[in-house]
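This report concerns only the one structure given below.
In our numbering, the protein residues as written are 5 to 482.
Structure, rendered in structure tokens:
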């Protein structure tokens, strides 16, 4: 363990290794004890238990190795970490258990129907089974606590093995008791009761088969990245509760050891800023991590049209898919049909036929995305991405300034405009000015007046190519 590892990870690793190590020692002691007593007594039930404990010993060793490897940090070759080593070890344990059950069933059938083997239900046979039950109860509880605390599938598999040992040992104990009772009190039925040991062994085998099937199924589910039943729905519900999420899309889950990896898509309003959509994704991530502590969550934002999106905003968004900025969007409705006029900005280097093809493509996209649109008229203009020269000639162009002032006064009222600035751009002029209007004037009316000023200035003074009118509320008069 490197000193850079977080303290919590190092502590978790030590606790899991300690639990697995204690399990190995317990399995080693029980296996040896059962094997000796089983051979001395001739009890197939105890020998079956010895074989079962032997496999438990192998499983415990595999678990110890697995928990030692699974907590290694992710690396270039294993971006999801090494957690699935635990699942793989659990699968190996399951296969070993199936092999053991096959041998036990074969031997039991032989003793019941083919050959008779003398079984000695001695005090040692009873004692070893009772000790086994006590030890199995202790280590099963210990492993279960560690498995739940650290979400370890390998420790959980080990705990499951030893919990089945309790039941299987109880079955063997009952079989030995029946043999002893038959010989002690029912000698006329001793032959039948002698087979109780083999029947008990069959009981052990079927218990182990059932548990092994459940364990194997769960292990394969993890190795094949099958999502736990109902977990996707819980995650989607948690995400849907976050403000700003329109709906949830694909949810993908995979588990690697104790860690769950979640990859999901959420749909958000496409008009929101990047910062806002990022904040929404962080809120969703926090909700999922509250549901699955320690989960590694990746959220993908999928922009989607929302109910509060205006027609102009929808048109702008569709045009931007083609990387074409638009402005001066005008939308009209005529007897249920939508007509759209807009200005399309294209790169300066495009030829006219190229720009026209681009405009036609945008028009087609608009009509396809919004079926209510019947006609689209586009005005193509240069994007003007470069920085042109603009020499301030306000001081030298006094007569031009006065003409601009008179025209604006005639439209907006005397002395409403100020800060007139004249810039020369080659053979043309660009004019900017500030106009003060009644502070309670509706914005639409202020815009109409400013547009009227721009229109008349360009008409009356052909040398003016560009006009910008900055509208502002006029200062209260004394």
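Where is the CB? At the ideal position from N, CA and C, for every residue including glycine.
Computed from a predicted structure; not experimentally measured.
{"Asked": "Quick check: the region 97 to 106 against the region 207 to 214, are there 3 or more CB pairs under 8 Å?", "Found": "yes"}
{"Asked": "Taking the alpha-carbon of residue 349 as reference, which of 357, 338, 362 has the nearest alpha-carbon?", "Found": "362"}
{"Asked": "Candidates 57, 24, 61: which alpha carbon is nearest residue 71's?", "Found": "24"}
{"Asked": "Just how far apart, CA to CA, sit residue 140 and residue 115?", "Found": "28 Å"}
{"Asked": "Express the C-alpha separation of residue 415 and residue 456 in angstroms, rounding to a whole number.", "Found": "8 Å"}
{"Asked": "If you run the structure through DSSP and keep just helix, strand and coil, what is residue 212?", "Found": "helix"}
{"Asked": "If we require 4 or more residues per run, which alpha helix (DSSP H) segments fall completely within the region 360 to 444?", "Found": "402 to 416"}
{"Asked": "Any idea what DSSP makes of residue 154, helix, strand or coil?", "Found": "helix"}
{"Asked": "Give the DSSP bridge partners of residue 265, in chain order.", "Found": "258, 300"}
{"Asked": "Residues in the same chain with beta-carbon distance under 6 Å from residue 204, minus the five sequence neighbours each way, listed in chain order, please.", "Found": "49, 175, 176, 179"}
{"Asked": "Buried or exposed, going by whether 16 or more other CB atoms sit within 10 Å of the CB of residue 319?", "Found": "buried"}
{"Asked": "Report, in whole angstroms, the separation of the C-beta atoms of residue 27 and residue 143, which I expect to be a contact under 8 Å.", "Found": "6 Å"}
{"Asked": "Do you know offhand how far residue 170's Cα is from residue 137's?", "Found": "5 Å"}
{"Asked": "In its own chain, which residues sit with a C-beta less than 7 Å from the C-beta of residue 20, not counting the 5 before and 5 after it?", "Found": "71, 150, 154, 156, 159"}
{"Asked": "Could you compute how far the alpha carbon of residue 58 sits from the alpha carbon of residue 117?", "Found": "27 Å"}
{"Asked": "Just the Cα atoms here: how many angstroms apart are residue 405 and residue 442?", "Found": "24 Å"}
{"Asked": "Taking the alpha helix (DSSP H) that residue 321 belongs to, which residues open and close that run?", "Found": "315 to 324"}
{"Asked": "Just grab the DSSP bridge partners of residue 79 for me.", "Found": "Paired residues: none, contrary to the question."}
{"Asked": "Residues in the same chain with beta-carbon distance under 6 Å from residue 7, minus the five sequence neighbours each way, listed in chain order, please.", "Found": "Note that residue 7 scores a pLDDT of 40, beneath 50, so its modelled location is shaky and nothing firm can be said."}
{"Asked": "Which residues in the same chain as residue 289 place their Cβ atom closer than 6 Å to its Cβ, once the five residues preceding and following it in sequence are excluded?", "Found": "301, 303"}
{"Asked": "With which residues is residue 167 paired in a DSSP beta bridge?", "Found": "According to DSSP, residue 167 bridges with nothing at all."}
{"Asked": "If you drop the 5 nearest sequence neighbours on each side, which residues of the same chain put their C-beta closer than 7 Å to that of residue 9?", "Found": "Residue placement at residue 9 is poorly supported in this model, since its pLDDT is 45, which falls under 50; the coordinates are not used for a value here."}
{"Asked": "Are there three or more Cβ pairs, one per stretch, closer than 8 Å when the region 372 to 388 is compared with the region 406 to 413?", "Found": "no"}
{"Asked": "Can you tell me whether residue 241 is buried or exposed? The criterion is at least 16 other CB atoms within 10 Å of its CB, across all chains shown.", "Found": "exposed"}
{"Asked": "Can residue 248 and residue 287 be called in contact, C-beta distance under 9 Å?", "Found": "yes"}
{"Asked": "Short check: CB of residue 438 to CB of residue 470, under 9 Å?", "Found": "no"}
{"Asked": "DSSP three-state call for residue 251: helix, strand or coil?", "Found": "strand"}
{"Asked": "Does residue 541 pass the burial test, meaning 16 or more other C-beta atoms within 10 Å, or should it be called exposed?", "Found": "In the structure displayed, the chain extends from 5 to 482; residue 541 sits before or after that span and is not available."}
{"Asked": "So, using beta-carbon positions, are residue 230 and residue 271 closer together than 9 Å?", "Found": "no"}
{"Asked": "Could you give the first and the last residue of the continuous alpha helix (DSSP H) run that contains residue 453?", "Found": "447 to 464"}
{"Asked": "How about residue 135 and residue 227: do their beta carbons lie closer than 9 Å?", "Found": "no"}
{"Asked": "When DSSP labels each residue in this structure, what does residue 35 get in the three-state scheme?", "Found": "helix"}
{"Asked": "Thinking C-beta only, is residue 39 closer than 9 Å to residue 63?", "Found": "no"}
{"Asked": "Contact defined as beta carbons within less than 8 Å: I believe residue 298 pairs with residue 259. What is the distance between those atoms, to the nearest angstrom?", "Found": "The pair is not a contact, with the Cβ atoms about 11 Å apart (cut-off 8 Å)."}
{"Asked": "Would you identify the three-state DSSP class for residue 345, choosing helix, strand or coil?", "Found": "strand"}
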